[in-house]
Amino acid sequence: MLHELLLALLGFTGDFVLEASPAPPEAAAGGGGGGAGDGEGEAGPAFRLAPDLTFLQPSERSAIERLISLGFYYRELNRFATESRDLTWIHSSVDVSTPQKVRKGSVYRRAIANGITEILSVYRSAVLQVEQNLLSDPLPILATITHGLNKFEVLLPPLYELVMEIEQKDIKGGQLLNLLHKRCHCGVPELQICIQRLLWHGHQVMFNQLISWMVYGILQDQYIEFFIRRQDDRDGENESSQRDVSDKFMQKLAKDTSLTSWHTGFHVSLDMLPEYIHMRVAESILFAGKAIRVLRNPSPSATLQEPLNQSQNSKGSHRVQSFIGGSGAPKELSNFSNIGAEELLPQAEADKIDAMLKELKHSSEFHKRLFESAVGSIRTIAANHLWQLVVVRADLNGHLKALKDYFLLAKGDFFQCFLEESRQLMRLPPRQSTAEADLMVPFQLAALKTIGEEDKYFTRVSLRMSSYVIKSSTSQKDLQKPNASELPPQGKAASELALDGWDSIALEYSVGWPLQLFFTPDVLSKYRKVFQYLIRLKRTQMELEKSWAAVMHKDHADFSDYCKDRKNGSATQLRRQRSKPVWRVREHMAFLIRNLQFYIQVDVIESQWNVLQSHVQDSHDFTKLVSFHQEYLSALISQSFLDIGSVSRILESIMKICLQFCWSIEQYETRPNISEIDHITEEFNKKSNSLYTILRSSRLAGSQRAPFLRQFLMRLNFNSFFETTARGVMNSGRLRPSTQL
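The opening residue of the sequence shown carries number 483 in the working numbering; numbering runs sequentially from there.
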């Protein structure tokens, strides 16, 4: 009987130990041998003593039943370990006809199974020792078995419950690590040591994945268990076959893999991120791996992309080849034509990263502080080398200066010349099919007159017209329509203040590898947003100046005629007297536009540019540099009030009114329209007073923009003119300003 009991302890039943019949789920007993995993851990073992053993005392039966339950737990744990360690399922992943088997395996579960196998081997050794003790004892007793296996009564049942939970909930990857980490917190030292050993086995897999990711830039995660995940793996479970995955992978290879993987290739999977690893640490791991991928795999399109972009930019236009010569983008590309991974990431640095991770891997326990410190050090190494690549090798500061020159209108002479050359063209509504080609001529002429040969970045700048819908244009042609003056004041204001078609002028900047890691599409879109605002402002200022110059030329001619013939010059003198209120309004418009432009160019752009330059000089971390640049762009948009809808809408409408006023007064001599001028003047007064009221509102005064608002208000209201005017308008009841415009 004792020998059959020993066999039962190893999971084998017979005449002495029987296997219980399968019980319903709600019953106290668990399922049978093949379905033991279907029962809950609380259901108890499925082994029982034969009922016809009448020679056993109740105390002996109770002791033996407690012992044979260990055999059931051993058999189920051994079954789990055998199934998890079985590698025959690898071949099923090749079978395209059964895609549901592709994700059957789990590397983490196999690692846990290895740990359980270690524990079971200790249990088998204990059973073998018990058997040897029984054979050497002339009077074998049941207490020998109980004493030899007593410690496993606190180990195997909790391990069985753990295995059942893993199987029933299909737990794997980071979720499995999280479960084991929670189970480590128990009051039984022996059980705690066992679960910590299982967690150590799981961490071996995690550290192997970390080494592959952070040393070589390779994501080894066949079964979607790592907390760093490919972006397309979110939809991986819904793919119809393995061939679809291969097709998508081949399509990826056709693109610039380093750029794609940097921006959208990988993300942190929260469902596989263990709770004891902070999100900040996971993001550092994500960044370090992506940086290593870039450094170890320089973009293969680096030598081809820039000439292609240059040819695209010059298509349909001769990109001022006479003074560009051989300088520019192609010359810069020679720095990356023969670049190698060893040069970007020395092997000594990779070995250093590998040593830090292997030291953590070989540790018997997982130390959170040491892990976070190592990840931070690795991230710093990757960020420094990426900074060296982007800032030093790719001349980041030169490109930042070029973006400031062209997108932020720092090259004022170029844009002044461009607007003068295109002034007559912009008097007419743009033709959507040929608008870009029409603008290329003045764009090239302005470049020939102002851009020197030393400016190698101009080849990267191209002009384009964004998609637009012309509802109504404020062009001169519209103002010349006979029915323009017949519109009612309110209807005409709503029509003429619609977006001008030429407001869709935008710039494109050709960015090559590796600067695409820094100048993302979102960053360039912010630059375009600021440029479109500044070019409208510049155009408005120029029109106000040009209209004043043209009318003054006419006025001087009239005054000369008046001096020659004073007797017949009364009409001229009367016309000059009537025009004085018009010139006063024009001066008010010019004052507002001029101060707004000076505020943005000097108080905002130049000030923030100096701050960015200090950060570029002091920082040697790529991620910090990206953060500083984002703060720079956010400050430009915020301090220019582009993110305040009420203010930006009023400023845009004021610019439209100014353009409308300029075109109206230039036609004043040939087609005088006093009512139209009065209506424009009234609209401008309303908008300017509303602007002042909004800028002084308590809602904005308490925001973080308050210092910049006060700076702008000081320029506008240095002599209290705006304040006095706004109060006078409000007191007279002519205007009730509101912040909701």
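From the three backbone atoms N, C-alpha and C, an ideal C-beta is built for every residue, glycine too.
Closest to residue i by C-alpha separation, out of the options, would be which residue?
i	options	result
G669	L989, V636, K843 and H685	V636
S1007	F494, Q1112, M1071 and R1021	Q1112
W869	Q1099, I550, R1178 and D985	Q1099
R567	L549, G553, S588 and E558	S588
F903	A490, I1082, M922 and L885	The sequence as given places Glu at residue 903; Phe does not occur at that position. That would be M922, whose Cα lies nearest to the Cα of E903.
A928	S948, L1026, R905 and Q914	R905
R1068	L1026, D1103, Y1081 and S1096	L1026
E558	H760, S607 and E643	E643
Q756	S1170, L661, K931 and H485	Note that residue 756 is Pro in the sequence shown here, rather than Gln. Residue L661 is the option with its Cα nearest to P756.
G630	I648, S607, E649 and V1129	S607
P1063	L1074, W1145, I1159 and H1097	I1159
F477	P540, S541 and E547	Limits of the chain in this structure are 483 at one end and 1223 at the other, which puts residue 477 out of reach.
L659	I677, F1200, E672 and M646	I677
W744	V763, N779 and S751	N779
V1005	Y1114, L827 and S1029	Y1114
L989	S846, L891 and E1165	L891
D1085	Q1193, S1170 and V1129	Q1193
A830	T941, H867 and H485	H867
I need the DSSP call for residue i, collapsed to helix, strand or coil.
i	result
I987	strand
M947	strand
H849	coil
I933	coil
V1191	In the sequence under discussion, the amino acid at residue 1191 is Leu, which differs from the Val named in the question. Helix, per DSSP.
L868	helix
E1027	helix
V750	strand
L1107	helix
Y1009	helix
V670	coil
L891	coil
F1001	coil
V873	helix
E501	strand
L531	strand
R711	strand
E824	helix
E757	coil
T1221	With a pLDDT of 36 at T1221, under the threshold of 50, the modelled position of that residue is not reliable, and no figure is offered here.
K993	Here residue 993 turns out to be Val, not Lys, going by the sequence shown. Residue state, collapsed to three classes: coil.
Q657	helix
S1122	coil
Let me know if residue i comes out buried or exposed under the rule of 16 or more other beta-carbons within 10 Å of its beta-carbon.
i	result
F889	buried
P620	exposed
Y1248	What is shown of the chain runs 483 to 1223, which leaves residue 1248 out entirely.
M688	buried
H663	buried
K651	exposed
I1126	buried
I653	buried
L999	buried
D753	exposed
S603	exposed
T916	exposed
F1200	exposed
Considering only the beta carbon of each residue, do residue i and residue j sit closer than 7 Å?
i	j	result
L1094	S1101	no
R1021	L901	yes
R1018	M1137	yes
P912	W995	no
A1117	Q1090	yes
R543	G597	no
F853	L842	yes
H683	A563	no
I835	M1024	no
G655	E707	yes
I1176	S1122	no
H925	L910	One detail in the question is off: residue 925 reads as Phe in this sequence, not His. Against a cut-off of 7 Å, the Cβ pair of L910 and F925 comes out as no contact.
E1165	I1139	yes
S1096	I1132	no
H685	F848	yes
T932	D895	yes
I'd like to know whether the C-beta of residue i is nearer than 7 Å to at least one C-beta of chain D.
i	result
Q713	Although the question refers to chain D, the structure presented lacks it and comprises just one protein chain.
Looking at the ligand SAM, does it come within less than 6 Å of residue i, judged from the CB to the closest heavy atom?
i	result
S1179	No copy of the ligand SAM occurs in the structure displayed, which carries no ligand at all.
Three or more C-beta pairs closer than 8 Å, one from the region 752 to 769 and one from the region 845 to 861: is that the case here?
-> yes
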